[in-house]
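Engineer: Shown below is the structure under consideration.
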Amino acid sequence: MKIGLVSLGCSKNLVDSELMLGLLQEHGYEATDDPAEAVVLVVNSCGFIESAKTESINMLLQLSEYKTSGCCKVLILAGCLGQRYGGDLMMELPELDAIVGTGAWNRLPEAIMAALDGKRPNFTEGHAILPETSMPRILSTPAHWAYVKIAEG
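If you count by numbering that gives the first Met the number 0, then the sequence shown holds residues 0 to 152, one letter each, in order.
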């Protein structure tokens, strides 16, 4: 199953996005840069400054169009915005199928399966996940460098 992931915000989000892609690849998903091909679209969001919140919501709404014009069956919000405003966003955005917060992105495969089954999971429990070297990661940077996440928040 093809998945598209848009990473917004800081370099910490980029590290989380790379780890999400590694986790999803480990579960048999194939990453695509073309949202029209993706069955699952994920927006890894920022929720700290107003312009970042607006950018994240606009991206969700833009990608939601692929539910009618593309292959998209599931639209997921990941990251800070979902962590901070998960319940409200699930009520306000019917286009949204699932939320996976900063402390639960490792449950992304579970959220996808639940959403494909018609549920609307809102996983915002837990504390931020700091990466370990054993975690699969797909770098989005050139091979000779990568961001290192040493703290959360």
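Just so you know, even glycine gets a beta-carbon here, dropped at the ideal spot from N, CA and C.
Which value, in whole angstroms, describes the spacing of the CA atoms of C45 and C9?
Structural biologist: Computed Cα separation, rounded: 8 Å.
Engineer: If you follow the alpha helix (DSSP H) that K52 is in, where does it begin and where does it stop?
Structural biologist: Run containing K52: E49 to S63, per the alpha helix (DSSP H) assignment.
Engineer: Does the beta-carbon of S55 have 16 or more other beta-carbons within 10 angstroms, so that it is buried, or is it exposed?
Structural biologist: Counting Cβ neighbours within 10 Å, S55 comes out buried, since at least 16 surround it.
Engineer: Cα-Cα, which of G69, G125 and K118 is closest to Q35?
Structural biologist: Residue identity check: residue 35 is Ala in the sequence provided, not Gln. Ranking G69, G125 and K118 by Cα distance to A35 puts G69 first.
Engineer: So if DSSP puts G8 in a beta bridge, which residue, or which two residues, is it bridged to?
Structural biologist: According to DSSP, which records beta bridges pairwise, G8 is partnered with nothing at all.
Engineer: Under 8 Å by Cβ, that's how I've got G100 and G81 pegged, so tell me the actual separation to the nearest angstrom.
Structural biologist: Between G81 and G100 the Cβ distance is about 5 Å, and since that is below 8 Å, they are a contact.
Engineer: Please return the same chain residues whose Cβ sits closer than 6 Å to the Cβ of A114, not counting the five positions on each side in sequence.
Structural biologist: Here the set comprises V73, D96 and A97.
Engineer: Which word fits F194, buried or exposed, when buried means at least 16 other C-beta atoms lie within 10 angstroms of its C-beta?
Structural biologist: Residue coverage of the chain in this structure runs from 0 to 152, which leaves residue 194 outside it and unanswerable.
Engineer: Looking only at C-alpha atoms, which of L88, M89, A77 and E91 sits nearest to V42?
Structural biologist: Of the listed residues, the one whose Cα sits closest to V42 is A77.
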